[in-house]
Each structure stands twice: as structure tokens, then as C-alpha cells.
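Protein chains in written order, with numbering that gives the first Met the number 0: chain A, 0 to 309; chain B, 0 to 282.
Written out below as C-alpha cells is the structure these notes cover.
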Amino acid sequence: MIRRGDLNFSDKIFYWVLKSLAFGIIGLLVVLFILLLKMSWPIFSKIGLSFYFLNEWNPVTEEFGAMAFIYGTIATALLALVLSLPISLGSALLVTELANLHVRRVLGFLIEMLAAIPSIVYGLWGLFVVVPFLRTDVQPFLGDYLGFLPLFKGPPIGVGLMAGGIVLAIMITPTIATICREIFLTIPKVYKEGALALGATRWEMIQLSVIRSSLSGILGASILGLARALGETMAVTMVIGNRAQISSSLFSPAQTMASLLANEYAEASSEIHMASLTAIGFGLLLVSLIVNSLARIIIWRVGRIYRRSK
Amino acid sequence: MNLDNVMSVHDFKRKVKNYFMIGLICLSALVAIFPLISVFVFVLQKGLPSLSWDFFTQLPAPVGETGGGMAQSILGSFYLIAVASLIGVPWGIASAIYITEYGYGKTVFLLRFSNDLLMGVPSIVMGLFVYSFVVAPMKGFSWLAGSLALGLIMIPIVSRSTEEILKTVPSHIREAGLALGIPRYKVILHIILKGSWGAILTGIILSVARISGETAPLLFTAFNNQYWSHSLTQPVSSLPVQIYTYAISPFEEWQAQAWSGALVLILFIFVINIAVRLLFHKK
Chain A
0 MIRRGDLNFS DKIFYWVLKS LAFGIIGLLV VLFILLLKMS WPIFSKIGLS FYFLNEWNPV
60 TEEFGAMAFI YGTIATALLA LVLSLPISLG SALLVTELAN LHVRRVLGFL IEMLAAIPSI
120 VYGLWGLFVV VPFLRTDVQP FLGDYLGFLP LFKGPPIGVG LMAGGIVLAI MITPTIATIC
180 REIFLTIPKV YKEGALALGA TRWEMIQLSV IRSSLSGILG ASILGLARAL GETMAVTMVI
240 GNRAQISSSL FSPAQTMASL LANEYAEASS EIHMASLTAI GFGLLLVSLI VNSLARIIIW
300 RVGRIYRRSK
Chain B
0 MNLDNVMSVH DFKRKVKNYF MIGLICLSAL VAIFPLISVF VFVLQKGLPS LSWDFFTQLP
60 APVGETGGGM AQSILGSFYL IAVASLIGVP WGIASAIYIT EYGYGKTVFL LRFSNDLLMG
120 VPSIVMGLFV YSFVVAPMKG FSWLAGSLAL GLIMIPIVSR STEEILKTVP SHIREAGLAL
180 GIPRYKVILH IILKGSWGAI LTGIILSVAR ISGETAPLLF TAFNNQYWSH SLTQPVSSLP
240 VQIYTYAISP FEEWQAQAWS GALVLILFIF VINIAVRLLF HKK
């Protein structure tokens, strides 16, 4: 590595241009953070952080609180994670532990295609295929047999938390499955061979050598999937029903932070309305920065442990 | 004898459990890819009937009239992607070169980490940022704002894929170039970049496919337009936003057009993905 030895003048210019652009990414994050905070300042100076804990959204009387949207965001994202995690784990296990090369390639390709479908297409499909199916088949069935649970109360209208959660689950499955696959591939082969040599069945080997030794990696992958679900906008906006309310039933329409922005931002009526919406975007940014850092650190540490042990 | 019996019952249970769990794993993979098939089938089935030559050449028809197309949206999407690439590609490549060629120690970690964070910023928040940064000061939605939002989303994607490729260039190639007395920037531009240009281009094309479906950041930056627009400072239509507008409209003709738009979008993305894979595997 030559660093001080770069005496050529063009070399210096080249170096500084590259350096400023590379560090410009950090600058971009800082500007993003400060500008959104500044734009949402009117609402923070009016009611402070209690903005995030009030359940009230009325642009006409100019009363704003984000609780209902935070609830909708967390509820759909958690539902998505619960639905997606077993499926993602299963697909990743099939690819790494059971399938032959041919199946592995095809399945890997299909999962990549699943990730390549844009959010808007999932939204269209969700609105015209999933929502009617939920309304006519799934929700009446659940209501009849499990209607005593608060989760499945209310009329089956299709749009709502359940539809949002299902569409999100499909969208985060490639993310979680891909990371799990990569983590499973870092597990040293001797762990698996050891388990099989001791007479474990294939499933016992998976349980003992693969899943148990990658628990923290799976946690990291789940958090990353959760981060993706929190910020996902279009597909959710189209199937969630867009109503600001907190209800324990998965059948009821709701609103997420991102879907509220998609619906109202272009038509914000007043300065304080605009500031409240930006404050929701600021909250979304903050959460995504925290959750992403957490996931990256966990995954990075997992990778480091196995690199050392090899 | 007794013990043997107990053992074989135990083993039998283990075997049954083994096959049951393997069955579940296979089933979960089927469940995972089922939506892909369903989306594809429905988009084809509902999008194909109203797809015609008019779709690519005509402006939208007023409500109630049949026919019309999304020509301005398709052109608008190309406009938006072209200018977004002018922002995202050089910036992403520059950051990747800095990280792999000049970075060392903690700087590399810091830059990679912020790159990951930028990738994790929800695209709607990026739209919000560009709104505050460009649309509000300029007092209007514009092509420029839409491209900026898409370009910023492109930076970390391009940077990551380029970095992965530059990492695989062996260091003796750099050393050979430098030993000939070639200035470092020429070694990087003419030897390292040129040598792996095909692979870097693959990453760029995939990032274009990725942003071509982005809707959320365009809603309040580029907005939408039912007419031709060729000005950087005017609102411009895009295929995803037009699909959204039509999908949530109450008119059946418009909903049918939304499906056709989705078909065009998905074919564009799949063709790029498959073509890039075929070309890349041949090498």
C-alpha cells in the first residue's frame, strides 16, 4: 500500500474525489436525519415526544398523535415475521442441508425472483386476489371456529391487519431465507458430520448442529426482516384498509406509519399537518436505523465467530 | 430382548419424526414459492387481455372511454431511471473503489456500516427527504426530484455489488501495474475497473431493475402526469405510480390497465434478471 507516496497531482485529485464521495454517504445520513428533524420541529415544539403516544389524528381540528400508526406498523410487521420465519427457515434448510445441486439452483433462483417482484405488484395482487380470498373463505372460517379469540372478532371484510401481515410475510421471506442460508453455509462441516456419525437422524443433525449453532444468526436475520417490514409501503397501503384505529382483531382495518405517509403527504393541508407527517417519517427513520444496526452487528459477529473457528 | 424392543420403538419414533420434519421443510419451501407462481399467473391472466399496441403508444383515455395506454408513464420511467443512474452509479462506484482500494482499518468498517444503514432507510423516507430538500424549495413536483430519490436509493446497492467484485481482484494485478510506474488512478481506472467491467455492469443493471419498480419515493417527488412531459422541472409520470393510481381507482377499465402495467413491469424486471444471469454464467 502506497499512501504518502502518491506524488502525482492527478492521483491526489482522484483520491480526494473518491474520499469525499465515500464519506458523502455518511454526510447524506446526517443531512437526512437533521432535515427531517427540522421539518418535524413544529409538532415537537408544540406537544413534544408525547406525539408518539397520543391516539388522535384529526387534520381538521389539528390534533395529531401517532399511536394508532405505530400500533398498525408493529402489528403487521410482527404478524409478518411470525408467518414468514418458519417458512424462510424451512426453505433455507432445504437449500443447504437436503437438496441436491439441481433443486438448490432452481429454488435459489425462484427465491431471488420472489425478491425481484416490486412492492406495487404485490399490492395489486394482494388487493384483487388475497383480500377477496380472505373475505370469502379464510376469515368466515376463522370467525366460525376461532371467533371466541379476540384476534378473530368482527366482520370479515378482507382488508386489514391480516391482509397486510400476509403480504408483508411474502415480501420479507426472501430476505430472511437468503441470510439464513448464508449463515447455515458458514457452519463448519465437521459439526454436521459429527452429529451424523453419532447416529443422529437428518432432522436431529439439523436440530443439533445447524439450528442450535446459528440461533443468534437467525435472530439477526429476523430483525433484518422486521426492519424491511416496518418500512414497506405500497403493498401494505393497498391492503390495510387505511383507517386510524387500534383494534385487537386481525380482521379490522388499520393504518401503518408508511401507508399514512403514502396516503396523506402529497395533500397535507397545513404546516402542522405536514410537520406531524414528517415526524412520523422521522420516527420511521430512527427505528429503521436502530433496528438495522442491531441486525448488522449480530450478523457480523456471527460471521466473525465462525471465521475464527475455521 | 425387552431392551431391544424398547430401543426399536424409540428408533421408530425418531425415524417417523425425521421424515415428518423433512416433509415439513419441503412443504415450507413450496409455500414460499407459491406466491411467486400465483402473482405471475394472475398478472398474465388479468394483464394480457388489455395489453395492446395502444398501451405502449397512447396517452390515458378519459374515464368511461375504452382504450388508451400508459405511453407517457413508460417514457417517464425511462427518464427517471436515466437521470437516477447519473447520480447513483458514479457515486456508488466511487464509494466502492474508495473502500476496496484506499480504505483500511476502522474506516472500512464505518463506511460499510453507513452503506448498510443507507440501504436500510425505507424508500418512503427517502421520498420525504427529497421532498424537503428539493420539492419544497422549488415549490413543485419534478422529474429531477424523482430521479434524485431513486438515485439515492441506488447508491448503496451499486456500491455493495461493485465492492463485492473489486474484492475478488487479486492484489498482484495492482502491484504489477504500480511496479510499471503507472499512476495509481490509472491503475484503478484502466486495469482494475476495465478488467471487471462486465461484472460491475451486471450489478448496475440489476440495481436498475430494482429501482424500476419503486413507487413510494416517487409519490411526492415526481408525482404523476397524464400527459407527455419532457422537462426536468415538471412532474413526470412513471409506470409504478400510474399502476397505483389506476389500481385504487373505482373504474374497471382502469383496474384492467393497472394489471397490464404490472405485466409490463414484471416482464421488464424478469427479463433483465434472467438475461443477466445467463450472460454471467456463460463467462
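Positions of the beta carbon are idealized from the N, C-alpha and C atoms, including for glycine.
Because the structure is a prediction, the values reported are computed rather than measured.
Less than 9 angstroms separating the beta-carbons of residue i and residue j?
i	j	result
Tyr51(A)	Gly224(A)	no
Ala31(B)	Thr172(A)	yes
Gly146(A)	Cys25(B)	no
Val186(B)	Gly75(B)	no
Met170(A)	Arg103(A)	no
Pro117(A)	Gly212(B)	yes
Val283(B)	Tyr121(A)	No answer is possible for residue 283(B): it lies beyond the span of chain B, which begins at 0 and ends at 282.
Leu93(A)	Leu106(A)	yes
Gly219(A)	Val301(A)	yes
Pro59(B)	Gln256(B)	yes
Leu165(A)	Ile298(A)	Here the sequence assigns Ile to residue 165(A), which means Leu is not the residue at that position. For Ile165(A) and Ile298(A), no; Cβs fall outside 9 angstroms.
Ile24(A)	Ser94(B)	yes
Ala257(A)	Val238(A)	no
Ser39(A)	Ala274(A)	yes
Trp142(B)	Ser228(B)	yes
Phe68(A)	Leu259(A)	yes
Gly119(B)	Asn291(A)	yes
Val157(B)	Ser122(B)	no
Ile119(A)	Tyr243(B)	yes
Ile172(B)	Ile154(B)	no
Ile21(B)	Trp202(A)	yes
Ala168(A)	Ser83(A)	yes
Can you tell me which of the three DSSP states residue i falls into?
i	result
Ala21(A)	helix
Phe250(A)	coil
Gly240(A)	strand
Pro59(B)	strand
Gly47(A)	helix
Val15(B)	helix
Gly67(B)	strand
Glu270(A)	helix
Phe32(A)	helix
Glu163(B)	helix
Phe108(B)	helix
Asn4(B)	helix
Trp227(B)	coil
Glu55(A)	coil
Lys309(A)	Note that Lys309(A) scores 43 on pLDDT, short of 50, meaning its location in the model is unreliable and no value can be drawn from it.
Glu61(A)	coil
Thr332(B)	Nothing in the structure corresponds to residue 332(B), since chain B is present only between 0 and 282.
Glu231(A)	coil
Phe8(A)	helix
Gly102(B)	coil
Leu74(B)	helix
Ser37(B)	helix
Please classify residue i as buried or exposed, where buried requires at least 16 neighbouring CB atoms within 10 angstroms.
i	result
His272(A)	buried
Ala44(B)	Before going further, note that residue 44(B) is Gln rather than Ala in the sequence given. Under this definition Gln44(B) is an exposed residue.
Ala274(B)	exposed
Phe222(B)	buried
Glu162(B)	buried
Trp196(B)	exposed
Asp10(B)	exposed
Glu263(A)	buried
Ser146(B)	buried
Met204(A)	buried
Glu62(A)	exposed
Val270(B)	exposed
Ser7(B)	exposed
Lys282(B)	Low local confidence applies: a pLDDT of 45 at Lys282(B) is under 50, so the model's placement there is unreliable, with the coordinate-based value given in what follows. Result: exposed.
Val30(A)	exposed
Phe108(A)	exposed
Contact criterion: CB-CB distance below 9 angstroms. Does residue i meet it with respect to chain C?
i	result
Asp115(B)	The structure shown contains no chain C; its protein chains are A and B.
Please check the pair residue i and residue j, which I expect to be a contact at CB under 8 angstroms, by giving their CB distance rounded to whole angstroms.
i	j	result
Ile175(A)	Ser212(A)	That belief does not hold up - the Cβ atoms of Ile175(A) and Ser212(A) are roughly 18 angstroms apart, past 8 angstroms.
Ile204(B)	Ile164(B)	Actually they are not in contact, since the Cβ atoms of Ile204(B) and Ile164(B) sit about 13 angstroms apart, beyond 8 angstroms.
Leu28(A)	Ser27(B)	Not confirmed; about 37 angstroms, so no contact.
Leu127(B)	Leu35(A)	7 angstroms
Ser248(A)	Leu150(A)	6 angstroms
Gly71(A)	Ala253(A)	4 angstroms
Can you list the alpha helix (DSSP H) stretches of 4 or more residues lying completely in the stretch 77-160 of chain A, in chain order?
100-115, 118-124, 138-145
Ordered list of alpha helix (DSSP H) runs contained in the stretch 165-206 of chain A, each at least 4 residues
Within the stretch 165-206 of chain A, the complete alpha helix (DSSP H) runs of at least 4 residues are 188-196, 201-204.
Secondary structure, alpha helix (DSSP H): runs of 4+ residues fully inside the stretch 278-304 of chain A
Fully enclosed alpha helix (DSSP H) runs of 4 or longer: not present.
Ranges of the alpha helix (DSSP H) found wholly within the stretch 188-221 of chain B, counting only runs of at least 4:
Listed in chain order, they are 196-210.
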